[in-house]
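**Q**
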């Protein structure tokens, strides 16, 4: 950690601050020049709160140098984490995780039908929303518990592990029992109470990046879950909020090599929610694989125009099939398999 | 609602879409030109999901014209809402709501001491965090239930109503019993499960704007609570996330006249969290009153350099006192009282 | 164009506005419901200034439906534009344009050496800065006219066409004479005087997207040049400014399919400036090709640690060579050639 | 300047880097811990290019500690700069600079009429566009040289100094001769060639902040002009680009105290362009004065609905008059005069 002081800070003030830091268990190395006074803190700085140091009126800025996350940090865990879900693996050099399915579970016929189609075309996970976070309280909120049952039925018929979003801590037990990967949506990425409780389970968690979350904050949310004991985190980039309005959000594909550089956790990409446009899903899915993603999560619907939600970003099964063919070639170029 | 179709859409396709919309209970008025085909939907469009229409491959764009919120909408409720809390009023032309106190409750001495000081200087509400949403799982998480007890003690001694943040739906009953205004933090603005449950209480809610929430999404979150039956919402602007890094967030003061134009709900401003810098609190608090805010929520700490959190953005009681003097003059210029 | 009026606007006010619009040569179709009053304008709306209509106090919003650009618009020019530069082609299904070279031209040895190396590895254009837009007036501003001469020498030795940035309208004649593709930098994307003058030349222009330019504004800047008579525009996505600070800017790869959908102009990607990190160039270059870019522009330097600028984002020639191998496979997956 | 190295960098590599830095004339102080290796650079670091150091593969990050601007820096020039324009003063504790007038100069009658009205109501400068930067090449581009003549006429009749925007370096001589304050628009904030040439004049420059410019970049653009010899810079905050679309841009009022903390230059606020909505001008103008701005620049038009541009953000003269009354009270609260 580095503390930058205002030029002109007196030796006495420097000493007082240094002493208080030394008491917190670190070694303080001052570098003093005319227009530069810094204190380099060496040792275990993890307990030191930078905002507290910044409250000192002589301090200009405090920077942490070591990343603030530990369990998610590649430095202390250089080997990529591989997560196993009902025989499927995600991360490392496993084959790509291809999660496909409708925005919302709507009926048995719909979810089983789509599951069978996407499986045939190469998907190895089934996604589908039972509980839906909607901006409007008046919009369709999902089939909820009934949706979970239908997902389980689709799993039984296809053997695809199921991924679905949790919205309330009250439902954790039910999800642990019925679901294979529990998804935390972008809007709940910093719902710390939910994260803490999920940390006490041993289910794989798909953690979506918040709409305005930095990469560091996203990894800190993973750290919340991991610090509770559950290290099975799959990160998911799904677009960030920017000034551009042509797409719903801006898919940040730079986040993939960034995460690979900072962490050992697997990371997948959701091109459907990022763009909000079905005709952009294909090119961005290809790009996601080319950039090094460990997988994709894609909305597929048999009848997008009558989907109960997000039809505008869903592709039809046959388009998903064509995409899988393109993905195969690209995966090969980056040393991965489909 | 307006549906914009691709130029060249055939009459048959227009008819099919129109019919499906008419079945949803609206009247469809087409406007057809060479490079413009629009359908103007007249009637109750609140049940129509725009993303579903956008899934039609002939549709370029769907726009709602009427605001998607109803209970929060000024159009249907032109008189400003005034919320009463233990004898204090917020909104309309009531005197300004001046909420002050430490980031975190730390001890009885601290919270009672600060409460007494800020009251003397003009504050009419006490703020203080018991449950703290922290980016890092390793940072101080607040005194929690003990913090609530200390806040109640400070209330007993000063008669200031207390405002504090809730983080988990499990705590709603406790908060309803012990707290005067329940704060929903920026990170939980779209924690829809929490909003729904708060909608079933009758406590005033201070709803902070999410870091990347549009004004419309913020009002939709208010609508979530209101649609459950609780209409006592106080909005709180606390800065949005932008590219500028000199301040922690960018305080969006335009949001105040925007909210006043769209809604009848009261809105206050938090200059402390927005800027993250104690020396910016004063000027931005003045600006907030000048722009028409119904109040302020400000971090005040007797010893910022030793605060357990966010000391860098806390002002000392005597600075708060000076600010109150400036505020008095500005409030007068905009027809308000302190 | 669509004009949305406030609910409650009187028939007389609607008529007055309609009449003034009809006088501007368009047909006005009103759609009137209780909470929806819109005027659909049919005909040539290109001369109508939406901000002027918005000045009418009964108007809530004005939206253009047709894109405001014409010459750049795919609708009126469905075939992709292919630009020929000294025998090399860019756009359509031509082989990928691979532009490589140092941030700054530094010496004859440096630029000729790099040019020969990148050519050998597959580059078909040489990039190199002679005039450098630097945030600081105290930073190295480029070799300027001498740099142009050195670029010409490198071209003579390698036959690679040269791409370099113009900063002042005074230099247009010189650039037209000496350079093959004139680059307009991100900071000058809305330097309208420069654009107008470039519109009077017949040189190919590489138009970089501004740091905070929407896709529509970017295409409007292309339109500025095209409306002057020069239709040889190559668009270049180079990252937009967002809240994320891990990368210098956020590469917006969604912009590639968006541009392909809206315009017939070719578009290339600059992963070096977008990320500001050399180790991100490879994965993002791969992703750019996978998403459908017509080419890449990449900083390559033989000795990044001693480069006079932007060494942190330059890759070495042998890394460029490896990248070319990966690109070949990915290009094939999307039906392109290297 | 601080250089942060990767943990594990060898002593030999540290020495090599240190030596190369020492050769550039600075003293290097290493702080070495297990997970922290930093080099503190003491001395004149202004010639050292951080991106060049970052190109070293052992370097994680380079931070400048001293601000990169000097002439604009308050540290070396603590007294606020006061700029005199035809007897009017801007900055320090001078009375507020109140610049008002139409977006575009349209006719003699219009500009003289508005000038007389705003003067009567308290304006002490006349603004008006002769050359207009328009997103579309097909939109009205201003009366240009004729517009300058009309502005001069209005000045003759009212004695108000005139502020108008320059778009091309070719016009500098004309502007120096005819205009009192030369405005550099947001889109040209980093048109470095224009800035350099303006640095060679001695005219006051109103430098608008770019739509996505950080405060530091904005001050660096001021530094460009100042480094050429012209230190008469008036900064102008006019809104930044964010995700919020309700307003055209987001007025960043935090920038005012930030600039006051970093620089001695005066700074004014343009609420008209920031919001793009006439009914937001009043509250935000009040807030700008309350936050500590040295003045305002406001669009006033006698007939907004027929203005040739930006009518939607122009207020009528009588509204400007009412605003002036409110401003008087607020100015007093912050120790300023109108």
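Residue numbers (the working numbering), protein chains in the order written: chain A, 1 to 338; chain B, 1001 to 1338; chain C, 2001 to 2338; chain D, 3001 to 3338.
From the three backbone atoms N, C-alpha and C, an ideal C-beta is built for every residue, glycine too.
Consider the Cβ of residue 1111 of chain B: report whether some Cβ of chain C lies at a distance smaller than 8 Å.
**A** It does not: the Cβ of residue 1111 of chain B has no partner Cβ on chain C nearer than 8 Å.
**Q** Output the residue ranges of the beta strand (DSSP E) runs that lie fully inside the stretch 259–326 of chain A and measure 3 residues or longer, sorted by chain position.
**A** Runs found: 267–269 and 295–299.
**Q** Report the residues of the stretch 2220–2240 of chain C with a CB closer than 7 Å to any CB of chain D, ordered along the chain.
**A** Those would be 2220, 2223, 2224 and 2227, in chain order.
**Q** Can you name the start and end residues of the beta strand (DSSP E) that residue 1208 of chain B belongs to?
**A** From DSSP, the beta strand (DSSP E) with residue 1208 of chain B extends over 1205–1208.
**Q** State yes or no: is the C-beta of residue 3073 of chain D nearer than 7 Å to some heavy atom of the ligand FAD?
**A** This structure lacks the ligand FAD; in fact it carries no ligand of any kind.
**Q** Mind checking which residues open and close the beta strand (DSSP E) that includes residue 2164 of chain C?
**A** Where residue 2164 of chain C is concerned, the enclosing beta strand (DSSP E) stretches over 2162–2166.
**Q** Between the stretch 2026–2044 of chain C and the stretch 3284–3302 of chain D, do three or more beta carbon pairs fall short of 8 Å?
**A** Output reads no: the stretch 3284–3302 of chain D does not touch the stretch 2026–2044 of chain C.
**Q** Do the CB positions of residue 1115 of chain B and residue 1061 of chain B come within less than 8 Å of each other?
**A** No, these two residues do not count as a Cβ contact at 8 Å.
**Q** Taking the continuous beta strand (DSSP E) assigned at residue 89 of chain A, which residues delimit it?
**A** 88–90 is the extent of the beta strand (DSSP E) around residue 89 of chain A.
**Q** What is the DSSP secondary structure of residue 3183 of chain D, reduced to helix, strand or coil?
**A** In the structure shown, residue 3183 of chain D sits in a strand (DSSP, three-state: E or B).
**Q** Under three-state DSSP, which class holds residue 1104 of chain B?
**A** Three-state result, residue 1104 of chain B: strand.
**Q** Taking the alpha-carbon positions, what's the residue 118 of chain A to residue 333 of chain A distance?
**A** Taking the straight line joining both Cα atoms gives about 23 Å.
**Q** Any beta carbon from chain B within less than 8 Å of residue 3202 of chain D's own beta carbon?
**A** Closer than 8 Å: no.
**Q** Just the C-alpha distance for residue 1174 of chain B and residue 1161 of chain B, rounded to the nearest angstrom, thanks.
**A** Near 16 Å, if we compare the C-alpha coordinates of residue 1161 of chain B and residue 1174 of chain B.
**Q** Against chain D, which members of the stretch 2300–2311 of chain C pass a CB distance test of less than 7 Å?
**A** Flagged, chain order: 2304, 2305, 2307, 2309, 2310 and 2311.
**Q** Say whether chain A places a C-beta atom closer than 8 Å to the C-beta of residue 2250 of chain C.
**A** Closer than 8 Å: yes.
**Q** To be precise: take each residue of the stretch 3110–3138 of chain D, compare its Cβ to all Cβ atoms of chain C, and keep it if any distance is under 8 Å. Which residues remain?
**A** Hits within the stretch, in order: 3133, 3134, 3135, 3136, 3137 and 3138.
**Q** So, for residue 3078 of chain D: in the same chain, excluding its five sequence neighbours on each side, which residues have a beta-carbon less than 8 Å away from its beta-carbon?
**A** Result list for residue 3078 of chain D: 3264, in chain order.
**Q** Is the number of C-beta pairs between the stretch 2290–2307 of chain C and the stretch 2096–2113 of chain C that are closer than 8 Å three or more?
**A** Because the criterion of three Cβ pairs below 8 Å is met, the stretch 2290–2307 of chain C and the stretch 2096–2113 of chain C touch.
**Q** Quick one: what's residue 2029 of chain C bridged to in DSSP?
**A** DSSP output for residue 2029 of chain C lists C:2040 as bridge partner(s).
**Q** What residues in the stretch 3017–3031 of chain D have a beta carbon less than 8 Å from any beta carbon of chain A?
**A** The residues in question are 3027, 3029 and 3031.
**Q** Whose CA, out of A:212, A:185, A:146 and A:186, lies closest to the CA of residue 178 of chain A?
**A** Residue 178 of chain A has its Cα closest to that of A:146, out of A:212, A:185, A:146 and A:186.
**Q** Residues in the same chain with beta-carbon distance under 8 Å from residue 2133 of chain C, minus the five sequence neighbours each way, listed in chain order, please.
**A** Counting only Cβ-Cβ distances below 8 Å, and skipping sequence neighbours, we find 2165, 2167, 2185, 2187 and 2188.
**Q** Taking C-beta pairs closer than 9 Å, name the residues in chain D that residue 1283 of chain B reaches, listed in chain order.
**A** Neighbours of residue 1283 of chain B on chain D, chain order: 3253, 3254, 3256, 3257, 3260, 3290, 3291, 3292 and 3334.
**Q** Buried or exposed, going by whether 16 or more other CB atoms sit within 10 Å of the CB of residue 277 of chain A?
**A** The residue in question, residue 277 of chain A, is buried, as its Cβ has 16 or more Cβ neighbours within 10 Å.
**Q** Would you grab the beta carbon distance between residue 1073 of chain B and residue 1067 of chain B for me? Rounded to a whole angstrom, and I think it's under 8 Å.
**A** Indeed, because the Cβ distance is near 6 Å, the residues count as touching under 8 Å.
**Q** Where do the N-terminal and C-terminal ends of the alpha helix (DSSP H) with residue 1082 of chain B fall, by residue?
**A** Careful: residue 1082 of chain B lies outside any alpha helix (DSSP H) and carries neither H nor E.
**Q** Quick one: which residues of the stretch 3054–3066 of chain D get their C-beta closer than 9 Å to a C-beta of chain A? List them in chain order.
**A** So the close ones are 3060, 3061, 3063, 3065 and 3066.
**Q** What would DSSP say about residue 3156 of chain D, mapped onto helix, strand or coil?
**A** Note: residue 3156 of chain D maps to helix in three-state DSSP.
**Q** Answer yes or no: do residue 20 of chain A and residue 1211 of chain B have a C-beta to C-beta separation smaller than 8 Å?
**A** The answer is no: Cβ separation not under 8 Å.
**Q** Residues in the same chain with beta-carbon distance under 6 Å from residue 1 of chain A, minus the five sequence neighbours each way, listed in chain order, please.
**A** Taken in chain order, the residues that qualify are 41, 45 and 64.
**Q** Classify residue 2004 of chain C as helix, strand or coil using the three-state DSSP reduction.
**A** Note: residue 2004 of chain C maps to strand in three-state DSSP.
**Q** Just to confirm before moving on: does the CB-CB distance between residue 1246 of chain B and residue 3215 of chain D stay below 8 Å?
**A** In contact: residue 1246 of chain B and residue 3215 of chain D (Cβ atoms closer than 8 Å).
**Q** Does the beta-carbon distance from residue 272 of chain A to residue 1055 of chain B come in below 8 Å?
**A** No.
**Q** Look at residue 1110 of chain B and residue 1302 of chain B and say whether their C-beta atoms are less than 8 Å apart.
**A** Contact flag set, yes.
**Q** CB-CB under 7 Å to residue 130 of chain A, same chain, minus the five flanking residues each way: which ones, in chain order?
**A** Correct list, in chain order: 105, 142, 143, 144, 147, 148, 151 and 164.
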